[in-house]
Every structure is written in structure tokens, then in C-alpha cells.
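Residue numbers (the working numbering): 153 to 323.
Ideal Cβ positions, reconstructed from N, Cα and C, are used throughout, including at glycine.
Take a look at the structure below.
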């Protein structure tokens with residue numbers, strides 16, 4: 153295929169709308185079943201108008217660099233007492249045909265809650281600035297200092313989504 157895949161604008165209001173927009177665009181381009189995922193960052197006890205949601209990196213019409221994100225979200229945590237309970241809400245859309253579309257933003261797809269804190273870890277990984285502000289709720293340790301997790305409840309949610317979607321197709 154000589155043409156590049158389409159650029160998808162992701163103009164949805166939430167992760168599910170963006171996942172569906174991308175999945176449909178790629179389905180129409182490739183002509184084969186395709187799935188797409190999207191996520192947004194949400195904080196407990198923060199007004200809706202201050203939620204980053206799908207605009208994690210785009211604040212006030214500006215695309216933030218990694219360093220700017222660390223400063224912005226560190227200040228946001230300090231504004232709310234030094235730490236915020238955060239979670240990534242994930243969504244998925246599976247397009248099997250124009251008429252057969254499976255989609256979900258069920259809680260089983262969401263990441264585990266964690267803290268975004270005001271004091272950043274000294275370690276940085278390019279492209280993942282919020283990892284330096286992310287702290288495990290149970291241990292109080294920065295994610296960078298935790299042993300790597302192999303399996304999570306979120307993985308089971310995605311597996312269940314595919315099992316249920318494809319079971320319907322096979323029956």
C-alpha cells in the first residue's frame with residue numbers, strides 16, 4: 153500500500169469517542185477489522201472543567217513539552233494539597249465491519265488509581281513525563297522505584313472485551 157494511513161483529528165469529547173473515530177478511519181482506510189484504544193487522565197475531587205481528560209498534554213490551547221507537563225501537573229497537585237488521586241480511563245473500539253462495531257469504556261479497562269504528586273522524581277523518561285510524578289497509593293513509592301508489574305486487572309478487562317466481542321461473532 154503506497155498511501156500513508158490517515159491522520160485522525162481525535163476531536164471526541166472523551167476516550168471512547170476518540171477510540172471510535174480512529175478505529176473507523178483505519179477500518180475504512182485498510183478495509184480489514186481493526187481496533188483502537190484511547191485514554192484520558194482524570195482526578196478525584198477536581199471540578200470537571202479542570203480535568204485533563206483526553207487533553208493531558210494540551211492545556212489552554214498549548215501543547216506542553218515534557219518539562220512543562222511536570223511543572224504544570226506538579227503545581228496542580230500542590231494546589232490540591234500536594235497530591236491528587238488520578239487514574240487513566242481507557243476505552244476501546246473494535247470495528248469488524250461498517251455495521252458491526254463493539255466499543256467500551258467500562259471500568260474494567262481503566263488503570264489503577266495512583267497519586268500525582270507535587271514533588272517530581274529525579275528520574276526522567278522522554279515522552280512519559282507524568283511517570284516522574286506518579287506514586288503508588290499502597291506503598292507510597294514513585295512508580296520509577298517499584299518492581300515492574302507483569303499483569304494488571306486492566307489487562308483482564310481488555311481480554312474480556314475481546315472475548316465477548318468475538319464470541320458474539322463466532323456464535
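#### Entry: DSSP state of residue 238 mapped onto helix, strand, coil
Translated into positions along the chain shown, residue 238 becomes position 86. Three-state DSSP puts residue 238 in a strand.
### Query
Using the beta-carbon count (16 or more within 10 Å), is residue 184 buried or exposed?
Translated into the one-based positions of the chain shown, residue 184 becomes position 32. Residue 184 is exposed by the Cβ-count criterion.
### Opening and closing residue of the alpha helix (DSSP H) in which residue 218 lies
By 1-based counting over the chain shown, the position of residue 218 is 66. 218-231 is the extent of the alpha helix (DSSP H) around residue 218.
### Query
Under a three-way DSSP split, which group does residue 258 fall into?
Within the chain shown, numbered from 1, the residue matching residue 258 stands at position 106. Here residue 258 sits in coil by DSSP.
### Query
In whole angstroms, what separates the C-alpha of residue 154 from that of residue 181?
Working through the chain shown from its first residue, we reach residue 154 at position 2. Working through the chain shown from its first residue, we reach residue 181 at position 29. About 12 angstroms.
### Query
residue 284 and residue 273 look like a contact to me (Cβ under 8 angstroms); what is the Cβ gap, rounded to whole Å?
The residue given as residue 284 occupies position 132 in the chain shown. The residue given as residue 273 occupies position 121 in the chain shown. Right, the Cβ-Cβ distance comes to about 4 angstroms (below 8 angstroms), so this counts as a contact.
### Query
To the nearest whole angstrom, what separates the beta carbons of residue 192 and residue 205, a pair I think is in contact under 8 angstroms?
What you label residue 192 is simply residue 40 of the chain shown in a count that begins at 1. What you label residue 205 is simply residue 53 of the chain shown in a count that begins at 1. Going by Cβ atoms, the distance from residue 192 to residue 205 rounds to 4 angstroms, so yes, they are a contact pair.
### Task
Work out the CA separation of residue 158 and residue 209 for me, nearest whole Å.
The count along the chain shown starts at 1 and reaches residue 209 at position 57. The count along the chain shown starts at 1 and reaches residue 158 at position 6. Going from the Cα of residue 209 to the Cα of residue 158 covers about 22 angstroms.
### Cα-Cα separation, residue 317 to residue 252
Numbered from 1 along the chain shown, position 165 holds the residue referred to as residue 317. Numbered from 1 along the chain shown, position 100 holds the residue referred to as residue 252. One C-alpha to the other measures close to 10 angstroms.
#### Entry: Cβ neighbours of residue 165 in the same chain (closer than 6 angstroms, five flanking residues each side left out)
Taking the chain shown and counting its residues from 1, one reaches residue 165 at position 13. Around residue 165: no qualifying Cβ.
#### Entry: Selected residue, minimal CA-CA separation from residue 239, among 173, 156, 198 and 163
Taking the first residue of the chain shown as position 1, residue 239 is located at position 87. Checked all of 173, 156, 198 and 163; the closest Cα to residue 239 is 198.
### Query
Out of curiosity, what's the CA-to-CA distance linking residue 207 and residue 242?
Here residue 207 refers to the residue found at position 55 of the chain shown. Here residue 242 refers to the residue found at position 90 of the chain shown. Cα to Cα, residue 207 sits roughly 14 angstroms from residue 242.
### Query
Are residue 256 and residue 308 close, meaning C-beta to C-beta below 8 angstroms?
Indexing the chain shown from 1 puts residue 256 at position 104. Indexing the chain shown from 1 puts residue 308 at position 156. Not closer than 8 angstroms, so no.
### Task
Could you check what DSSP says for residue 280 in three-state terms: helix, strand or coil?
The residue you call residue 280 lines up with position 128 of the chain shown. Residue 280 falls in the coil class under three-state DSSP.
#### Entry: Closest residue to residue 216 among 290, 280 and 229 (Cα-Cα distance)
The residue you call residue 216 lines up with position 64 of the chain shown. Measuring from the Cα of residue 216, the nearest candidate turns out to be 280.
### Proximity winner among 244, 295 and 269, relative to residue 306 (alpha-carbon distances)
Residue mapping note: residue 306 aligns to position 154 of the chain shown, counting from 1. The residue with the shortest Cα to Cα distance from residue 306 is 244.
#### Entry: Classification of residue 222 by the beta-carbon crowding that lies within 10 angstroms, buried from 16 upward
The residue given as residue 222 occupies position 70 in the chain shown. The residue is buried, with at least 16 neighbouring Cβ atoms inside 10 Å.
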